[in-house]
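Residue numbers (the numbering used here): 98 to 479.
Next up, the structure:
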């Protein structure tokens, strides 16, 4: 219901006057959702024993939106998005593409897994899942991914309990292709969280080398530890960091010593609204100011760890240029020792806009991700 709430309310409460509350509001929305998904209004009204006065409201659900809506309002209603998000998408993507994106946000994200290369390859996992009664097809872009075609509790599968796969969106899997971690390297995952990308990097490294996973949230790092043990990822070293400037002292011994650094920064999550539908109602306009400031600070802090010739990958699951190109452009302007490497050298060109990776649910079937690859080409001036 969260994916369609604003569109449904537009039909239920013309003029924006919400005259239902509590259980009545909830019943009306569930009924409206059923009509939106194809059940005749008269049938759902009878089944749910709704007041006769509600029927005209439900019959409006299937009607097209008014033709005189502004592009941003149409996007807001189609995607059940806050006005400021709809305005941003129209401004940055254009009305037609923003509308297609908004409609994609109203769909369910596929259940995608990544085969754990430490315990077997994708084809073997596909056979194992089939033996458990789960159909799966290979992902389009990631060499490790499978889309589960059977509705199932993936966490309850024996294959999951044995560490043969992790749940991970295909767009997220692509970040490991950009990092290109190798056996024997020192690799840093700057904002590791519960470790989805950390474990993908460990598999790339074949458990050889040092993989340092940092985060400010100790509980999430504890979960990472559990996941790493299940996956057999023995080269992961999880480390909690203090927030803010105090992190600099903790990271100082690693300055200039990392072959690869991934900064998958905290962000607004605009690219993952399909997967996290409730998050659209928590977004605020000042997020697009607050997050870029935090992202610039984190990127600058961890860039110091990259050795000459090493690689820095900056990523978000946002679609806002302020959090994406804006952060990278500001970083490069103040860090001439780094140079952009075209992402199209590492992933299919259709996933790229300019030198950056950019994926979209309506174009690629993945969550919305942004990533830039930067390589340290010189020592830091001064």
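The C-beta atom is built at its ideal place from N, Cα and C for all residues, glycine as well.
- Cβ contact annotation for residue 404 (same chain, cutoff 8 angstroms, sequence separation greater than five): 353, 354, 355, 356, 473, in chain order.
- In this structure, residue 358 lies away from residue 274, with their beta-carbon atoms at least 8 angstroms apart.
- When 158, 233, 106, 122 are compared, the shortest CA-CA separation from residue 137 is found for 158.
- Residue nearest to residue 256 within the set 229, 386, 384 is 229 (criterion: CA-CA distance).
- Check the Cα spacing between residue 345 and each of 160, 101, 401, 237: the tightest is with 401.
- Around the beta carbon of residue 387, fewer than 16 other beta carbons sit within 10 angstroms, so the residue counts as exposed.
- Residue 107: member of the alpha helix (DSSP H) spanning 102 to 109, first to last residue.
- Counting C-beta pairs with one atom in each stretch, the segment 424 to 431 and the segment 310 to 327 have fewer than three that are closer than 8 angstroms, which means they do not touch.
- For a cut-off of 8 angstroms, the C-beta gap from residue 310 to residue 327 is around 15 angstroms, too long to register as a contact.
- Here residue 457 is not bridged, per DSSP, to any residue.
- Here residue 225 has 256, 261 as same chain residues with Cβ atoms under 7 angstroms from its own Cβ, once five neighbours each way along the sequence are excluded.
- Taking C-alpha positions only, residue 192 is separated from residue 172 by approximately 8 angstroms.
- For the pair residue 208 and residue 477, the Cα-to-Cα distance works out to about 43 angstroms.
- Among the bridge pairs identified by DSSP, residue 235 is matched with 243.
- A residue is called buried when at least 16 other Cβ atoms come within 10 angstroms of its Cβ; residue 374 meets this threshold and is buried.
- Residue environment for residue 263: buried (at least 16 other C-beta atoms within 10 angstroms of its C-beta).
- DSSP places residue 224 inside the alpha helix (DSSP H), whose first and last residues are 219 to 228.
- Secondary structure of residue 471 (DSSP, three-state): strand.
- Bridge partners of residue 264 according to DSSP: 210.
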